[in-house]
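Following UniProt numbering, the numbering of the sequence shown begins with 1 at its first residue and continues without gaps.
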Amino acid sequence: MQKEEESDYIWALERFKKLLGVGKNPSVIVTDRELALMNAIEIVFPSTTNLLCVWHIEKNILSKCKKYFEEKEAWETFILSWTNLIKSTDEITFLKGWKLLEVDQKEQPLVLNYLENTWLPFKEKFIYAWTDKHLHFGNHNSSRAEGAHSMLKTNLQVSTGDFHEVKQKICLAIEIQYQEIKARLESERLRIPHGFRIPLFQKLISHVSVYALGQIFKQHELASRDGP
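Shown next, in the form of structure tokens:
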């Protein structure tokens, strides 16, 4: 897109929604803190949960806050505390973690002010205590989408091709990726963990990755433990 305003994002998301089909809206979309995009998602996909990319958050904190830490050890201590705060498993743990961070970093008021005003208003979108209430299969960042974007840019090479040329290159890139995934799945058929050879996975083995089976198995165990 030439512009990245709310109306441009709405147009793109509406095209995406049309491709998905009626009643097939995504349950979760992971983005950076692009307010125009976030507003557009709320308009086009009102029932979809918009999570914020943890990697982009940490990148922004690095850019805005590291300059206030003269010693490497002090910076590493801070970033470890922030990472642990993100991974808070419940709201009480989060509140305690934030209070502890405020005490530990009381000599860094500008850093605390930045975190409190820039990121904490969106805590429900990236703190695990809230994001783990939604089914996201461990996707806390947008690296997968950015990886696909990078792959397409590499194969397109230039941004001035006509529709036919672009279509041909995209189709070729997808075909190559499909064959790579197919080969990997065939390879994984030979080393499926014994614990996954259960009736639940009978129709999935060789069709999804071992990693995906592991994530599904975790959800299966949680559901079994919680009961009907």
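Backbone N, C-alpha and C fix where the C-beta goes; we use that ideal spot for every residue, glycine too.
Quiz item: With a Cβ-Cβ cutoff of 9 Å, do threonine 48 and valine 28 count as a contact?
Solution: yes
Quiz item: Using the C-alpha atoms, what's the distance from phenylalanine 217 back to valine 210?
Solution: 10 Å
Quiz item: Do histidine 194 and leucine 51 have their C-beta atoms closer together than 9 Å?
Solution: no
Quiz item: Going by DSSP, which residues form a beta bridge with valine 208?
Solution: Ile205
Practice problem: Mind checking which residues open and close the beta strand (DSSP E) that includes leucine 200? | Solution: Per DSSP, leucine 200 belongs to no beta strand (DSSP E) and is neither H nor E.
Quiz prompt | Burial state of residue 230 (16 or more Cβ within 10 Å) | solution = Past the edges of the chain, shown from 1 to 228, lies residue 230, and the structure says nothing about it.
Practice problem: Return helix, strand or coil for threonine 31, following the three-state DSSP convention. | Solution: strand
Quiz prompt | Residue ranges of each alpha helix (DSSP H) within the region 48-122, 4 or longer | solution = 54-65, 72-86, 91-104 and 109-114
Quiz item: Cα separation between phenylalanine 94 and tyrosine 178?
Solution: 41 Å
Quiz item: Taking lysine 64 as the reference, which of Leu112, Glu91 and Cys53 has the closest Cα?
Solution: Leu112
Quiz item: To the nearest angstrom, how far is it from the Cα of isoleucine 205 to the Cα of alanine 74?
Solution: 47 Å
Exercise. Pick helix, strand or coil for threonine 127, following the three-state DSSP scheme.
Key: Going by the sequence as given, residue 127 is isoleucine instead of threonine. Three-state result, isoleucine 127: coil.
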